[in-house]
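There are 2 protein chains.
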Amino acid sequence: MRTSIATVCLSGGLTEKLHACAAAGFDGVEIMDADLVAADESPEEIRALCARLGLGIEMFQPFRDVEGVTDEVFADTLRRASAKFATMARLGADLVLVCSNVATATIDDDELAARQLGALADLAAEKGIRIAYEAMAWGTYVNDYRHSWRIVEKADRPNLGICLDSFHILSRGDDPTGIEQIDGDKIFFLQLADAPVLDMDLLSWSRHHRLFPGEGGFDLPGFLAHVLAAGYGGPLSLEVFNDTFRQTDPVRTAEHALRSLLWLADRTAHAHGEGDGDAGVARPPRAVDFVEIAGADLAVADEMLAQLGFRFRGRHRSKPVRLWSYGDARIVLDEQARDERPALTGIGFVVDDADAAATRAARLGARRIFRRTYAGEQDLPAVSAPDGTGVYWSAAPEDRSWVAEFEGGVGGESTDGVIDHVNLGYHWSEFDEAVLFAASALALTTESSAEVPGPRGLVRSQVMRTRDGVVRIPINLAPPTAPLPSRHIAIRCDDVSAVARRARAAGLEFLRIPANYYDDLAARFGLDDAALDELRNLGLLYDRDGSGEFVHFYTPTIGGVFLEFVERRGGYEGYGALNAPIRLAAQRNEEVRRGVAGSPA
Amino acid sequence: MRTSIATVCLSGGLTEKLHACAAAGFDGVEIMDADLVAADESPEEIRALCARLGLGIEMFQPFRDVEGVTDEVFADTLRRASAKFATMARLGADLVLVCSNVATATIDDDELAARQLGALADLAAEKGIRIAYEAMAWGTYVNDYRHSWRIVEKADRPNLGICLDSFHILSRGDDPTGIEQIDGDKIFFLQLADAPVLDMDLLSWSRHHRLFPGEGGFDLPGFLAHVLAAGYGGPLSLEVFNDTFRQTDPVRTAEHALRSLLWLADRTAHAHGEGDGDAGVARPPRAVDFVEIAGADLAVADEMLAQLGFRFRGRHRSKPVRLWSYGDARIVLDEQARDERPALTGIGFVVDDADAAATRAARLGARRIFRRTYAGEQDLPAVSAPDGTGVYWSAAPEDRSWVAEFEGGVGGESTDGVIDHVNLGYHWSEFDEAVLFAASALALTTESSAEVPGPRGLVRSQVMRTRDGVVRIPINLAPPTAPLPSRHIAIRCDDVSAVARRARAAGLEFLRIPANYYDDLAARFGLDDAALDELRNLGLLYDRDGSGEFVHFYTPTIGGVFLEFVERRGGYEGYGALNAPIRLAAQRNEEVRRGVAGSPA
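Those protein sequence lines, which keep their order, are chains A and B. Following UniProt numbering, the numbering of the first sequence begins with 1 at its first residue and continues without gaps. Following UniProt numbering, the numbering of the second sequence begins with 1 at its first residue and continues without gaps.
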């Protein structure tokens, strides 16, 4: 299917937007009149640019508030329309959007609306223009797609059809199954947008908070399936009004946007058994294979991993890379990096078909990474996530030959560890993109989200995971004024107290937890003195819910990365959200002590 | 009255917050338990710090969800309370907030609620602690202040009273006049917050969007008057949950917060005829006296002003400062600045009593500016706005002796000009502060606000003005990723076409308006060809509403400032909002042409 995007989704001037859409690989665009009006280029120049870039002008959106008005107002509307149809002829656009009247409508009369839309369609027909009539969710009288369709049927003009917009239908909670009753040839256009589930007025929600498919709470695959079942064959066009995307780099946003459409098409096809094999349909990973920390000098990390009880598995036979493991949790220390500051730079996943996973991610717009490999080394298929984090795939554990490339390590009696979750922090402008990447390229699904008050502002956190919980990636969003949040690797073990005791005996200082925290624990949970003393003495944190308990501790931060050890008791499925503000405050206190924290502004 | 602020309003750790509150001049604080729990300092250390800083601990907020529960749940609540009362004893706090149950309430029974609150009060009484019970707007059963008051009356304990919070009352649209029926001695605490008028769920509105008094849409002076009429004599305490204030510099935010309380106290007193003379009550300015542009070399500005028909009024007799005027619009060019980039750095206002205005602004926390003056020069009382912009006051026009300090200018036949408005751009984190400064120190009132889509994101604009419209200051908010928006001075004249023709003849190039704009004007307003040709040929912009017409043009930008000439026909009161996106796009096109615009990211 053709892919398309409304120019209003992107920042910049119209020509910048068009270049960005073409660079990302869109087939066409929906041009907002406001973008054309503000452009230095004439309609003819824009038409020529689109032709050169291989972009179809799928639709033009030049005016609103047509139907349900007095004859006098409608006469002026026809005059306006006539002028805009002339612009469309210059632009080479032949489909125009007409939204249901939200402002000037004074008459609630379907006969009148059909008559006026019919008259407009007749005027358009003289110019070879088709009209797509759309029910806006806050239309004065027409705000339901079934209603707009009834009016279009009543008007009965060959060049008058309807436009469907997922936001206007799903935001109202309308049932989209009725779409299948509409003649697919009369669905002239399809606009797609996701949105977070919010309880606010429709107009503000629509104008500021729309998201690309896969990033919000709407069932876009289900919606699209109904539209396709109706027989729609036109483009899938994104129309996303979002305060963030309006100000971020248009090339990057356009790539991000296209990824959302490809994800949506795959998901929809998959749900209907039409996937094109493994390459087309995302399969969730079976495990985290390893996490990579890179930096110019990682001796401090070596020491910390040893203190925590990690086993040294050796040095890579041809690169300055070392492997440590704690049971099934593997951490790769990579000193090939030029950056002085250690950082969490890569994650490996175990999947059934590594090449298929990488191919699929590349098809979603991710850049392939090719690393220098030598004879006999396993070449893990890999891509770069939008923020630059490396993503590697390897086949099922029995094939994990890359581990054998590390030499000189200690023997392999295993402990009980496994990677519980990997927490990735992002700048605020990269958050939605990161969520979509995890949903599309990594085939993870959206779990809970939380807001954590920290000393530098609210931190938003969105957990992405496999349904079985084996892979969990909480994605954190830093407030605009804060630096990039540290990332961390959480290791799950059977007895976190034992790990803590051993690590402390080996000389590791944990993140310092304030004494007041333990007083609060006592008040909150009524723990007995012995349990409380153990937590306090070991510097452990604690949480409990109806299903079980969670005990954990954090290491100090090395550069931009730290470790957490967690123990889950019973059916506890969370991440100690109540303790996250304590952790953020303690990390900032630590920075203040070390003199590296600036004023929050 | 005592001033107080909840620690949750500010960023940073608890000790940083306390220092910021003291530096701003607050009398006390309301400590959120979460801030204490995350602090490295013990309750005793926090108590000592508050004592040293001269801050009273007005209230402590350690737990929620008390009343309306089963006996079993309530027994655990008493256990929790007991632990927190012990913390309060260490902290030296004797008032505790109890919010109406939003979570664990299962029983809708006022008798039970009164019995449980009474039992809690009896436990508190043993420790010398008083309880303030507050109806949360989204309380499960108790969400109206009249209801919480009925329960408190029913419980009838000397140490149990109510807490009123303006947000929880005004957000629900509840009538606050009933507050006067409450025994003032039983109002144990008052929390104040403003908020923008939004149509969204109460919890999200409350947690993210509260504002300091004077910045939102609530009638806080009216609300406070009812509370004072009831006989309340406790502190005025701010409790503002706001995503921006959580991440901005706590010292600056605390100053900003205190300014809002002082504004509120003045407004409330004024409304009741209790102002302490001119120093206490803000009087709106009578006119804009001048606008100052500063820069290291302003020769380009001289040339532009001359081309526009400004008259050169001379050089200052002792400083590198020049004065230009266009009728009653005066622009001061100040080359004392070290900054190479010309900027709008000051505004002068005409008021009845300049010293009183400056004294009042200083009392609101603004810093006085003292400039080097010589014998015989008029010393204009002045302060620095929070962002550094200079604000000067001079007495009524007949006393405007500072103009006579400029020598060597041309004669004074006057033209028709006057300053229509001065548009000030701010970084996103300074917007609310700027609005409050205009409301409090400048005594302007809030008019319309608008959102303008620009190529770098949405620009929010809030007009601040005198009721008579003689002084109008639109305040613009840049999106986070965008640079500080340019500021501009708009001159109103009787015949903008004549000004434009003369300026063009003198060689001035205006901001280039795209040809597509005029095609759109034709479609939008149905202007005749002659009118359209005149607009197009002169590069003028046009708007029309039911009351009149607006014709205007923009000059190119010099550094961070440009000029606008406007003509208002009939009763048009707006600012050409539909043209603002054209202006933003044209300015960006200009930057791209000049090679100074980067990618929007």
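Glycine included, every Cβ here is placed at the ideal spot set by N, Cα and C.
query: Hey, how far is the Cα of A:A450 from the Cα of A:P474?
result: On the first sequence, residue 450 of chain A is found 450 positions in, with the first residue counted as 1. On the first sequence, residue 474 of chain A is found 474 positions in, with the first residue counted as 1. Cα to Cα, the separation comes out at about 10 Å.
As assigned by DSSP and simplified to three states, the class of A:C99: Here residue 99 of chain A corresponds to residue number 99 of the first sequence, with the count starting at 1. It is a strand residue.
- request: With 8 Å as the threshold, decide whether the Cβ of B:I419 is near any Cβ in chain A.
  value: Position 419 of the second sequence, counted from the start, is the residue given in the question as residue 419 of chain B. No, no contact with chain A.
query: Relative to the C-alpha of A:G234, which residue among A:G184, A:E591, A:A193 is closest?
result: Working through the first sequence from its first residue, we reach residue 234 of chain A at position 234. Nearest option by C-alpha distance: A:G184.
- prompt: Who pairs with A:N423 in a beta bridge, going by DSSP?
  reply: Position 423 of the first sequence, counted from the start, is the residue given in the question as residue 423 of chain A. For A:N423, which the question treats as bridged, DSSP gives the partners A:H488.
query: Excluding the five sequence neighbours on either side, which residues of its own chain have a C-beta within less than 6 Å of the C-beta of B:I419, listed in chain order?
result: In the second sequence, the residue the question calls residue 419 of chain B occupies position 419. Excluding sequence neighbours, B:I419 sits near V288, A329.
Among A:Q116, A:G507, A:R283, A:A531, nearest to A:G440 - alpha-carbon criterion: The residue you call residue 440 of chain A lines up with position 440 of the first sequence. Note that residue 440 of chain A is Ser in the sequence shown here, rather than Gly. Out of A:Q116, A:G507, A:R283, A:A531, A:R283 has the C-alpha closest to the C-alpha of A:S440.
- prompt: Would DSSP call B:D110 helix, strand or coil?
  reply: To locate residue 110 of chain B, count along the second sequence from 1; it is residue 110. B:D110: helix per DSSP, three-state reduction.
- prompt: Do you know offhand how far A:P581's Cα is from A:G56's?
  reply: In the first sequence, residue 581 of chain A corresponds to position 581, counting from 1. In the first sequence, residue 56 of chain A corresponds to position 56, counting from 1. About 50 Å.
task: Answer yes or no: does any C-beta atom of chain B fall closer than 8 Å to that of A:S42?
output: On the first sequence, residue 42 of chain A is found 42 positions in, with the first residue counted as 1. So yes, A:S42 belongs to the interface.
message: On a Cα-Cα basis, can you pick out the residue from B:E44, B:L584, B:A306 that is closest to B:T557?
response: Looking up residue 557 of chain B in the second sequence gives position 557. The shortest Cα separation from B:T557 among B:E44, B:L584, B:A306 belongs to B:L584.
- request: In the DSSP assignment, find the unbroken beta strand (DSSP E) run with A:Y518 in it and report its ends.
  value: Along the first sequence, read from residue 1 onward, the residue named residue 518 of chain A stands at position 518. That residue, A:Y518, is in no beta strand (DSSP E); its alpha helix (DSSP H) goes 515-525.
query: For B:V66, is the classification buried or exposed, using 16 other Cβ atoms within 10 angstroms of its Cβ as the cut-off for buried?
result: Working through the second sequence from its first residue, we reach residue 66 of chain B at position 66. The residue in question, B:V66, is buried, as its Cβ has 16 or more Cβ neighbours within 10 Å.
field: Three-way DSSP call (helix, strand, coil) for B:V418 in this model
entry: By one-based count along the second sequence, residue 418 of chain B stands at place 418. In the structure shown, B:V418 sits in a strand (DSSP, three-state: E or B).
task: Check A:T77 in the structure and name its three-state DSSP category.
output: Counting from one through the first sequence, the residue named residue 77 of chain A turns up at place 77. A:T77: helix per DSSP, three-state reduction.
- request: Please compile the residues from chain A whose C-beta is within a distance smaller than 9 Å of the C-beta of B:P483.
  value: Numbered from its first residue, the second sequence carries residue 483 of chain B at position 483. Per Cβ cutoff of 9 Å: no residues; B:P483 is ~12 Å from chain A at best.
message: Applying the 10 Å Cβ sphere with the 16-neighbour rule, what's the burial state of A:D276?
response: Here the question's residue 276 of chain A lines up with position 276 in the first sequence. Model confidence at A:D276 stands at a pLDDT of 47, short of 50, so the residue's coordinates are unreliable; what they give is reported in the following sentence. Burial call: exposed.
field: Under 8 Å between C-beta atoms of A:G194 and A:G214
entry: As a first step, residue 194 of chain A is located in the first sequence; it is residue number 194 there, counting from the start. As a first step, residue 214 of chain A is located in the first sequence; it is residue number 214 there, counting from the start. Per the sequence shown, residue 194 of chain A should be read as Asp rather than Gly. It is a contact, given that the beta carbons lie within the stated cut-off.
message: 8 Å is my cut-off, CB to CB: does A:Q247 come that close to chain B?
response: As a working mapping, residue 247 of chain A is identified with position 247 in the first sequence. With a threshold of 8 Å between beta carbons, A:Q247 makes contact with chain B.
task: May I ask you to list, following chain order, the residues of the segment 512-523 of chain A that have a beta carbon less than 8 Å from some beta carbon of chain B?
output: R512, P514, A515, N516, Y517, D519, D520, A522, A523
task: Have a look at A:A279 and A:D352 and give me their C-alpha separation to the nearest angstrom.
output: For the purposes of this step, residue 279 of chain A is taken as residue 279 along the first sequence, with counting starting at 1. For the purposes of this step, residue 352 of chain A is taken as residue 352 along the first sequence, with counting starting at 1. With a pLDDT of 42 at A:A279, under the threshold of 50, the predicted position of this residue should be treated as unreliable, and no value is reported.
field: Proximal residues to B:A22 (C-beta, below 6 Å), its chain only, five neighbours per side dropped
entry: Here residue 22 of chain B is taken as the residue at index 22 of the second sequence, counted from 1. These residues qualify, in order along the chain: L53, L55.
message: Can you confirm whether B:I129, when its beta carbon is compared against all beta carbons of chain A, has any partner nearer than 8 Å?
response: Counting from 1 along the second sequence, the entry for residue 129 of chain B is found at position 129. So, not an interface residue.
- prompt: When we look at the beta-carbon of A:N537 and count the other beta-carbons within 10 Å, is it buried (16 or more) or exposed?
  reply: Numbered from its first residue, the first sequence carries residue 537 of chain A at position 537. Exposed.
message: What does the alpha-carbon distance come out to for the pair A:T106 and A:L203?
response: Stepping through the first sequence from its first residue, residue 106 of chain A is reached at position 106. Stepping through the first sequence from its first residue, residue 203 of chain A is reached at position 203. Cα-Cα distance, rounded: 20 Å.
- request: Tell me whether B:M88 sits in a helix, a strand or coil according to DSSP, three-state version.
  value: Taking the second sequence and counting its residues from 1, one reaches residue 88 of chain B at position 88. Note: B:M88 maps to helix in three-state DSSP.
query: To which residues of the same chain is A:H208 closer than 6 Å at the C-beta, ignoring the five residues directly before and after it?
result: To locate residue 208 of chain A, count along the first sequence from 1; it is residue 208. Within the same chain, A:H208 has close Cβ partners D243.
query: Is it true that the CB of A:S171 sits closer than 8 Å to the CB of A:S206?
result: Residue mapping note: residue 206 of chain A aligns to position 206 of the first sequence, counting from 1. Residue mapping note: residue 171 of chain A aligns to position 171 of the first sequence, counting from 1. Contact flag set, yes.
- prompt: Does DSSP put A:I369 in a helix, a strand or coil?
  reply: Start at 1 with the first residue of the first sequence, and residue 369 of chain A comes out as number 369. A:I369: coil per DSSP, three-state reduction.
Neighbour list for B:N589 in chain A, Cβ cutoff strictly below 7 Å: The residue given as residue 589 of chain B occupies position 589 in the second sequence. Residues of chain A passing the Cβ test: G13, D40.
- prompt: chain A partners of B:I582, CB-CB under 8 Å?
  reply: Within the second sequence, the letter at position 582 stands for residue 582 of chain B. What B:I582 touches in chain A: V37, A38.
message: Between the alpha carbons of B:W428 and B:G457, how many angstroms are there, rounded?
response: For this step, residue 428 of chain B is matched to residue 428 along the second sequence. For this step, residue 457 of chain B is matched to residue 457 along the second sequence. Those two C-alpha atoms are separated by around 12 Å.
task: Could you name the residues of chain A that B:T87 contacts, counting a contact when the two beta carbons are closer than 9 Å?
output: Looking up residue 87 of chain B in the second sequence gives position 87. Residues of chain A passing the Cβ test: N516, D519, D520, A523.
Helix, strand or coil at A:S82 [DSSP, three-state]: Along the first sequence, one-based indexing puts residue 82 of chain A at 82. In the structure shown, A:S82 sits in a helix (DSSP, three-state: H, G or I).
- request: Please report the residue range of the alpha helix (DSSP H) in which A:D529 lies.
  value: Along the first sequence, one-based indexing puts residue 529 of chain A at 529. Element bounds for A:D529: 529-538.
task: With 7 Å as the C-beta to C-beta threshold (strictly closer), list the residues of the segment 464-483 of chain A near chain B in chain order.
output: P479, P480, T481, A482
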